[in-house]
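> Residue numbers for the sequence shown follow the working numbering, so the first one is 83 and each next one is one higher.
All C-beta atoms, glycine included, are put in the ideal place defined by N, C-alpha and C.
Quick one: the structure is below, questions incoming.
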Amino acid sequence: MKELATFIEIDAKPDLVWQHVAAFRHYSEWNPFITSVQGHPVVGEKVSVTLRLKTADGRNQANHVITPRIVKVEDEHEIRWEHGAWLGWLLTFEHWFRITQRKGGVKFHQCMRVDGLLTGLLKDDYCAMFREGFTTMNAALKTRVETMEPPKLRPAYNANDNAGRRPPPLPRVANT
């Protein structure tokens, strides 16, 4: 078994970090490592993930597509997926994102475990590509969360307020 673990401290509340981690469709906007995830963070769902892997010397990069199954989702805490290569029991990959609260923010953990009969054949360069990807993704997530303005919300109308505001009129429906 081989394990790879990284983390970064982010000065934000867990729910804000979670909004970016769980929004798979927006990964292409900010994520230099996981450039695309097709699917939703729902247990049992099979997703298509495009990873941008760089060689250890940094001179080459390639997109690597995997189709893992989501095996765990805990709101504002963790997303975990796994997939097998070469019949599954020969090589199994488990990848997860975990958010843990700390004073003044969160720790974002990104980890991977590789298990199976062929694990010993994986070279250190292979794990180094993933470590580099994890590190760049973690830094990009930190930058996005800490510098992005919160979304602008439209004012809500309260039916019982006495400020004299009226809600917008409802659209008319023609009788046919």
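Starting from leucine 98, trace the beta strand (DSSP E) both ways and give me its first and last residue.
From DSSP, leucine 98 is part of no beta strand (DSSP E) but of the alpha helix (DSSP H) over 96-104.
> Is the Cβ-Cβ distance between lysine 156 and tryptophan 178 less than 8 angstroms?
The sequence given here has glutamate at residue 156, not lysine. Contact: no.
> Going along the chain, which residues of its own chain have a beta-carbon closer than 8 angstroms to the beta-carbon of lysine 154, five neighbours each way excluded?
Val125, Glu160, Ile161, Arg162, Trp178
> Please report the Cβ distance between tryptophan 100 and isoleucine 181, rounded to the nearest whole angstrom; I am assuming they are in contact, meaning their Cβ atoms lie under 8 angstroms.
6 angstroms
> Does the distance from the C-beta atom of leucine 135 to that of leucine 173 stay below 8 angstroms?
No, these two residues do not count as a Cβ contact at 8 angstroms.
> Rounded to a whole number of angstroms, what is the C-alpha to C-alpha distance between glycine 187 and isoleucine 90?
Glycine 187 and isoleucine 90 have their C-alpha atoms some 11 angstroms from each other.
> Take methionine 122 as the anchor and find which of Pro114, Leu133, Tyr109, Asn113 has the nearest alpha-carbon.
According to the sequence shown, residue 122 is histidine rather than methionine. Of the listed residues, the one whose Cα sits closest to histidine 122 is Tyr109.
> Relative to the alpha-carbon of glutamate 176, which residue among Pro150, His191, Glu158, Gln183 has its alpha-carbon at the smallest distance?
Here the closest residue by C-alpha is Pro150.
> Quick check on this structure: which residue in Met211, Cys209, Phe190, Phe106 has the alpha carbon closest to the alpha carbon of lysine 128?
Phe106
> For lysine 95, which residues of its own chain have a beta-carbon under 8 angstroms away from its beta-carbon, when the five flanking residues on both sides are left out?
Gly187, Val188
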